[in-house]
Amino acid sequence: MAYDRIADAVNARVRRLEHPDPRFLRYANPVPAHVDHTAILEAPETKVTTLDNGLRVATESSLSSRTATVGVWIDAGSRYETEEAAGVAHFVEHMLFKGTGTRSAGQLEQEIEDMGGHLNAYTSREQTTYYAKVLDKDVPRAMNVLADILQDSKLEDNRIERERSVILREMEEVQGQSEEVIFDHLHATAFQYTSLGRPILGSADNVKSITKKNLIDYIQKHYTASRMVITAAGAVKHDDIVQQAKELFKSLPTDPTTTNMLVAEQPAIFTGSEVCTLL
1 MAYDRIADAV
11 NARVRRLEHP
21 DPRFLRYANP
31 VPAHVDHTAI
41 LEAPETKVTT
51 LDNGLRVATE
61 SSLSSRTATV
71 GVWIDAGSRY
81 ETEEAAGVAH
91 FVEHMLFKGT
101 GTRSAGQLEQ
111 EIEDMGGHLN
121 AYTSREQTTY
131 YAKVLDKDVP
141 RAMNVLADIL
151 QDSKLEDNRI
161 ERERSVILRE
171 MEEVQGQSEE
181 VIFDHLHATA
191 FQYTSLGRPI
201 LGSADNVKSI
211 TKKNLIDYIQ
221 KHYTASRMVI
231 TAAGAVKHDD
241 IVQQAKELFK
251 SLPTDPTTTN
261 MLVAEQPAIF
271 TGSEVCTLL
């Protein structure tokens with residue numbers, strides 16, 4: 001009968017669903033498996049230790065990695081310059097790669113190159129950062145290099161003059177980059193007649209007149225232990241970085257002056273206005 005044939009067809013379809021052909025199950029289980037991705041989504045724990053001299057050490061460990069980034073973040077940028085020495089923060093950043101009491105500029109470059117690493121720095125309005133990217137086994141050497149340039153840079157007169165020319169050329173290049181020019185105008189308009197309104201590189205006249213004394217004064221006043229954070233992420237262990245920081249960063253000035261105190265002395269008040277270009 002027709003109804004019997006329909007019933008037989010339905011029962012056959014049900015049996016196939018209950019007992020599927022194993023040929024179609026080679027690459028997947030028909031029953032969804034529960035997979036826990038919590039470990040993948042969790043961010044590494046940030047550990048922070050403050051040393052006796054006020055220097056802070058912050059790390060995020062990812063021991064499955066074979067590389068690490070270590071650096072020094074300093075609460076010192078163009079905001080903390082005097083008007084007469086505007087541009088000195090960026091000038092200091094350039095000079096710290098030009099040789100120390102134990103390493104020439106060439107030796108610094110060669111040592112990082114031998115590690116297959118990358119050493120760099122940048123200056124912003126409120127911070128200056130020096131950092132190195134290296135293999136896990138070279139983290140202690142990278143820490144040693146950072147400690148050396150921050151505590152024992154020579155600031156030789158001939159190097160200062162050479163770097164002065166480099167910075168002046170850099171300023172010319174920046175003037176051709178619309179994004180940089182726009183942001184300089186933005187800050188100049190927003191924070192008129194204050195240190196936050198000045199360009200990070202300073203003016204050409206200032207760069208031409210910055211002296212070795214200006215550089216030394218800025219370092220001694222602003223490159224202090226309490227305004228620095230040693231950072232490390234990747235294939236690092238927090239206790240190891242803390243111990244290295246204790247051993248290597250012993251000669252930092254310990255001036256207790258904080259950035260909050262400096263900002264209170266020279267507040268940057270938001271003014272706001274507009275910038276017009278006449279064609």
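Residues in the sequence shown are numbered from 1 upward in steps of one, following UniProt numbering. All C-beta atoms, glycine included, are put in the ideal place defined by N, C-alpha and C. Predicted model, so just to flag it, every value in this text is computed and none were measured.
- Message: Considering Cα atoms alone, identify which of Lys208, Asp138, Thr257 is closest to arginine 169.
- Response: Lys208
- Task: Might you give, ordered along the chain, the residues of its own chain that have their beta carbon closer than 7 Å to the beta carbon of glycine 234, omitting 5 neighbours on each side?
- Result: Ser62, Ser65, Thr67, Ala68, Thr69
- What does methionine 228 pair with, by DSSP beta-bridge criteria? Ile74
- Query: If you count every other CB in all the chains shown that lies within 10 Å of the CB of methionine 261, and 16 or more means buried, which is it?
  - Reply: exposed
- Label histidine 222 either buried or exposed according to how many other C-beta atoms from any shown protein chain fall within 10 Å of its C-beta, with 16 as the threshold for buried. buried
- Message: Let me make sure I understand the geometry here. Which of Thr231, Ala268, Ala105 has the alpha-carbon closest to that of arginine 198?
- Response: Closest option to arginine 198, judged by alpha-carbon separation, among Thr231, Ala268, Ala105: Ala268.
- Message: I'd like the span of the alpha helix (DSSP H) that includes valine 236, first residue to last.
- Response: Element bounds for valine 236: n/a, residue is neither H nor E.
- Message: Whole angstroms are fine: how far does the CA of glutamate 247 sit from the CA of valine 72?
- Response: For valine 72 and glutamate 247, the distance between alpha carbons rounds to 15 Å.
- Task: Report the partner residues of alanine 132 according to the DSSP bridge assignment.
- Result: Val70, Leu119
- Query: The beta strand (DSSP E) spanning lysine 47 covers which residue range?
  - Reply: 46–50
- Query: For isoleucine 182, which of Glu265, Glu274, Glu163, Val263 has the nearest alpha-carbon?
  - Reply: Glu274
- Message: If I measure Cβ to Cβ from glycine 101 and keep anything under 7 Å in the same chain, skipping five residues before and after, which residues do I get?
- Response: Within the same chain, glycine 101 has close Cβ partners Asp152, Lys154.
- Determine contact between the region 160–175 and the region 127–146, defined as no fewer than three beta-carbon pairs at a distance below 8 Å. no
- Item | Test item: CB-CB of alanine 105 and lysine 98 under 8 Å | yes
- Could you give the DSSP three-state label for arginine 162: helix, strand or coil? When secondary structure is reduced to three states using DSSP, arginine 162 falls in the helix class.
- Look up valine 57 in the DSSP assignment and say whether it is helix, strand or coil. Looking at valine 57 - three-state DSSP - the assignment turns out to be strand.
- Query: Quick one, which of Ala264, Ile167, Tyr218, Met228 has its alpha-carbon nearest aspartate 205's?
  - Reply: Selected option, being the one with the closest Cα: Ile167.
- Taking C-alpha atoms, which residue in His94, Met228, Val48, Glu265 lies nearest to residue 318? Limits of the chain in this structure are 1 at one end and 279 at the other, which puts residue 318 out of reach.
- Item | Of the residues Tyr122, Asn214, Met95, Leu196, the one placed nearest alanine 85, counting alpha carbons only | Asn214
- Item | Continuous alpha helix (DSSP H) stretch holding glutamine 266: start and end | For glutamine 266, there is no enclosing alpha helix (DSSP H), as DSSP marks it with neither H nor E.
- Could you give the distance in angstroms between the alpha-carbon of glutamate 180 and the alpha-carbon of isoleucine 230? 29 Å
- Message: Taking 7 Å as the cut-off, is the C-beta of threonine 271 nearer than that to any heavy atom in the ligand COA?
- Response: Summarising the ligand content, the structure contains no ligands, and the ligand COA is consequently not present.
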